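Input: a single structure, listed below in structure tokens.
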Amino acid sequence: MPPQITPPGRNRGGPAARFGTEKVKPKDMKKAIGRLLGYIGKDKPKVALAVICVLISTGTNLAGTYMQRPIINCLGGAISAGDTMRYVMLMLLAMAGVYLTGVIAMMIQQRVMIRVSQNTLKRIRDDLFGKLQGLSVRYYDTNSAGDMMSRFTNDVDNIGLMFDSTILQIFSGMLTLVGTLALMLRTNLPLTVVTLIIAPLVARVAAAIAKNTRKYFGRQQAALGAVNGYIEETISGQKVVKVFNHEAKAKEEFAKLNEDLRDVQVRANFLGGIMGPCMNALSQANYTITAFVGAMLTFFTKLGKIGASSFAALDIGGLSVFVTYSRQFSRPINEISNQMNVIMSALAGAERVFAVMDMEPEAAHDTNLVNPERIRGDVVFNNVTFGYNPDKTILKNISMYAHPGQKIALVGSTGAGKTTIINLLTRFYDINSGEITIDGVDIRDINRETLRENIAMVLQDTHLFTGTVMENIRYGRLDATDAEVRAAAVTSCAHMFIKNMPDGYDTVLTGDGSNLSQGQRQLLNIARAALSKAPILILDEATSSVDTRTEQHINRGMDALMENRTTFVIAHRLSTIRNSDAIMVLEHGEIIERGTHEELLEMRGRYYELYTGIKELE
Ligand SMILES: Nc1ncnc2c1ncn2[C@@H]1O[C@H](COP(=O)(O)OP(=O)(O)OP(=O)(O)O)[C@@H](O)[C@H]1O
Ligand SMILES: [Mg+2]
Numbered sequence: 025m026p027p028q029i030t031p032p033g034r035n036r037g038g039p040a041a042r043f044g045t046e047k048v049k050p051k052d053m054k055k056a057i058g059r060l061l062g063y064i065g066k067d068k069p070k071v072a073l074a075v076i077c078v079l080i081s082t083g084t085n086l087a088g089t090y091m092q093r094p095i096i097n098c099l100g101g102a103i104s105a106g107d108t109m110r111y112v113m114l115m116l117l118a119m120a121g122v123y124l125t126g127v128i129a130m131m132i133q134q135r136v137m138i139r140v141s142q143n144t145l146k147r148i149r150d151d152l153f154g155k156l157q158g159l160s161v162r163y164y165d166t167n168s169a170g171d172m173m174s175r176f177t178n179d180v181d182n183i184g185l186m187f188d189s190t191i192l193q194i195f196s197g198m199l200t201l202v203g204t205l206a207l208m209l210r211t212n213l214p215l216t217v218v219t220l221i222i223a224p225l226v227a228r229v230a231a232a233i234a235k236n237t238r239k240y241f242g243r244q245q246a247a248l249g250a251v252n253g254y255i256e257e258t259i260s261g262q263k264v265v266k267v268f269n270h271e272a273k274a275k276e277e278f279a280k281l282n283e284d285l286r287d288v289q290v291r292a293n294f295l296g297g298i299m300g301p302c303m304n305a306l307s308q309a310n311y312t313i314t315a316f317v318g319a320m321l322t323f324f325t326k327l328g329k330i331g332a333s334s335f336a337a338l339d340i341g342g343l344s345v346f347v348t349y350s351r352q353f354s355r356p357i358n359e360i361s362n363q364m365n366v367i368m369s370a371l372a373g374a375e376r377v378f379a380v381m382d383m384e385p386e387a388a389h390d391t392n393l394v395n396p397e398r399i400r401g402d403v404v405f406n407n408v409t410f411g412y413n414p415d416k417t418i419l420k421n422i423s424m425y426a427h428p429g430q431k432i433a434l435v436g437s438t439g440a441g442k443t444t445i446i447n448l449l450t451r452f453y454d455i456n457s458g459e460i461t462i463d464g465v466d467i468r469d470i471n472r473e474t475l476r477e478n479i480a481m482v483l484q485d486t487h488l489f490t491g492t493v494m495e496n497i498r499y500g501r502l503d504a505t506d507a508e509v510r511a512a513a514v515t516s517c518a519h520m521f522i523k524n525m526p527d528g529y530d531t532v533l534t535g536d537g538s539n540l541s542q543g544q545r546q547l548l549n550i551a552r553a554a555l556s557k558a559p560i561l562i563l564d565e566a567t568s569s570v571d572t573r574t575e576q577h578i579n580r581g582m583d584a585l586m587e588n589r590t591t592f593v594i595a596h597r598l599s600t601i602r603n604s605d606a607i608m609v610l611e612h613g614e615i616i617e618r619g620t621h622e623e624l625l626e627m628r629g630r631y632y633e634l635y636t637g638i639k640e641l642e
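Spelled out as structure tokens, the structure:
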């Protein structure tokens, strides 16, 4: 049997697959096992039942074989034909009963363990997902979606594989090993010694073949990951491939990866394929040697050269039983060593899962010094300094204020730090020094839920969930009525195009709204924010993909909406922010100019350059 590997279907070409050759080893096995056992939780009685079933099925298996001995001996014995017949029939019936019990126990064990395993996996997935919801934006910014997905899929799958069968297989393998050894000793000592010499040799050879096979299966995983990754990339980037006429190059690159995959697969499967025949040959050799020695012992016992009470004495039934046992003997050794790989990768997977579970969640704190019902939206940034990483400061000494109902615009070139300011106000990240207050309260003294409930936001990158248009807009305020949703859509100019969709507001959006234009997606995101009653509104490049005429419409609609709210607007198209109460011009993380549109134009500084399109080359 080839070593346990992830079947190709499970390979999603994620990071785990790409580094498939790496031997996965858990760092702290005991700890991982302990935590996994904790997850079995209230299924412990079921596990106990499964263990009992394993004991029964292994025991019956061993006993069933041993029952052959008296049968065979009786056949060669001296009692009358009728008695022999009756005895053999009776024994065969008993044997059938014993084996049947074993089969039933095995079936119960499988059924129970699969249930336990799936219950456990469900708990782990629930916990992991729950945990992910509590993690900070920083975690999402620094970890790839692919990595997180692979924890949910590959790692959890591996744990499942272990629970489904491996643990019990190892347990039953060990029982079989001990049981077989005991029965072999009971049958004949010299023959047992012969087996004990040959069996480890067989196991050693098997392990050597398995090791090589594993190496190639590992390479196959990596090659498969590379091919899958390439396909995935080319499919999702097909437009870019076409536009830049990269088809021929893509084919060429793919052909190379594909060739690697074929070569490595040929080797892996060849080695996997010869494993069985090799093992067979070895076991036949073992069989022949054992049978030869056994036959000699039986022969000499019959001749009387070996006394019937001697430890070397063997009857024909004993010989027959013994060769069966000796054949069985090396099987559990191979099985156990193969299953150890599954356990190792399951434990390594468990560690990756637990690593996420152990992540520090967004610091939860209950201090809430504001009345959540009555936040007015008086925002002050006081000497705020911040960097995503300690070694690089992005924002330097930002000070600004926004009184309730004011509209503050943030402008500046790409990468100046506009979105970063917003990330701080929503506490996606915490500031390094300085202070941000809302209604005079430091936002670190407002619990996150309250804070975010009071902020409506249109993010620079839009996001839509699978669901109807109505549901997607309602995401902005779950208790909004249909009429309110429609009103918000009208405000954001989304109503026009929604009306023309096949099912209007009931049209189902899938794949992040892939059937919508970029601008339409933005309109839905604006509608979502318009629906919210939060006193603070943030529009980060909310209308960057919308045509100027629609933008003007939205602005008119939004003006009414912004009347009582503190609004932060980020826009590159400066015409949209002309009527702001104050405009902050950001450059390299610093506010370099501030004032109203007119004042800033008068200054003839950076804003003037941005507005008029005149830009001195630095
Ligand atoms: N998650 C992050 N981790 C590390 N650095 C980041 C992160 N997000 C942004 N930055 C860096 O912070 C700086 C400011 O980025 P920010 O997104 O605030 O710019 P912006 O003014 O919004 O630009 P744009 O107009 O392109 O949206 C950039 O230099 C960027 O590289
Ligand atoms: Mg930005």
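To convert a position in the sequence shown, counted from 1, into our numbering, add 24. Yeah, the Cβ is synthetic: ideal placement off N, Cα and C, and Gly gets one too. Please read these numbers as outputs of a predicted model, since none were measured by experiment.
- About 12 Å separates the Cβ atoms of Asn549 and Val493, ruling out a contact at the 8 Å cut-off.
- Counting along the chain, the unbroken alpha helix (DSSP H) around Lys326 starts and ends at 271–327.
- Thr567 counts as buried, since at least 16 other C-beta atoms from the protein chains shown sit within 10 angstroms of its C-beta.
- With fewer than three CB-CB distances shorter than 8 Å, the stretch 168–178 does not count as touching the stretch 310–326.
- DSSP, reduced to helix, strand and coil, places Tyr254 within a helical segment of the structure shown.
- Any heavy atom of ligand 1 counts here; residues with a Cβ closer than 5 Å to one of them, in chain order, are Asp165, Tyr412, Ile418, Thr438, Gly439, Ala440, Gly441, Lys442, Thr443, Thr444.
- With a cutoff of 8 Å on beta-carbon distance, Ile132 and Met115 are scored as not near each other.
- Using a 10 angstroms sphere on the CB of Tyr349, the tally of other CB atoms reaches 16 or more, which defines it as buried.
- DSSP places Tyr453 outside any beta strand (DSSP E), giving it a letter other than H or E.
- Distance between Ala315 and Ala105, taken at the CA atoms: about 28 Å.
- Contact between Asn406 and Gly439 is ruled out by a C-beta separation of about 24 Å, above the 8 Å threshold.
- In this model, Met586 and Leu555 are separated by some 12 Å (Cα to Cα).
- Fully enclosed alpha helix (DSSP H) runs of no fewer than 4 residues occupy 442–449 of the stretch 394–469, in order along the chain.
- Non-local C-beta neighbours of Ile194 in its own chain, meaning closer than 7 Å and more than five positions away in sequence, comprise Ile360, Gln363, ordered along the chain.
- Excluding sequence positions up to five before and after Ala309, its CB lies less than 7 Å from no other CB in the same chain.
- Less than 8 Å separates the beta-carbon of Leu610 from that of Lys442.
- Membership of Leu610 in the beta strand (DSSP E) is indicated by the continuous run 606–611.
- Distance from Thr590 to Pro559 at the Cβ level is roughly 6 Å; contact confirmed, criterion being Cβ atoms closer than 8 Å.
- Within a 10 Å sphere around the beta-carbon of Lys235 sit fewer than 16 other beta-carbons, which makes this residue exposed.
- Here Phe353 is buried: its Cβ has 16 or more other Cβ atoms, across all protein chains shown, within 10 Å.
- Straight-line spacing of the CA atoms in Asn282 and Arg238 works out to 20 Å.
- With a cutoff of 8 Å on beta-carbon distance, Arg451 and Ile432 are scored as not near each other.
- Of Asn478, Thr572, Glu623, the smallest CA-CA separation from Cys517 is found for Thr572.
- Less than 8 Å divides the Cβ of Tyr240 from the Cβ of Ala292.
- Note on Asp179: 16 or more other CB atoms within 10 angstroms of its CB, so buried under the neighbour-count rule.
- Using a Cβ distance threshold of 8 Å, Ile445 and Ile422 count as a contacting pair.
- Per the DSSP secondary-structure output, Thr590 pairs in a beta bridge with Ile560.
- A direct Cα-Cα distance of roughly 44 Å separates Asp454 from Pro526.
- Scanning its chain for C-beta atoms nearer than 6 Å, with the 5 sequence neighbours on each side dropped, one finds around Arg498 the residues Ala504, Val509, in chain order.
- Taking a cut-off of 8 Å on C-beta distances, the stretch 267–283 does not touch the stretch 215–228, as fewer than three cross pairs fall below it.
- Looking at the DSSP output, Ala480 bridges to Leu561.
- One Cα belongs to Thr204, the other to Thr108, and the distance between them is close to 28 Å.
- In this structure, the C-beta of Gln484 approaches ligand 2 to less than 7 Å from one of its heavy atoms.
- Straight through space, the alpha carbons of Ala551 and Tyr63 are spaced by roughly 43 Å.
- Scanning its chain for C-beta atoms nearer than 6 Å, with the 5 sequence neighbours on each side dropped, one finds around Thr200 the residues Thr82, Pro356, in chain order.
- Distances from the CA of Glu633 to each of His596, Asp605, Asn603 were compared; the closest alpha carbon is that of His596.
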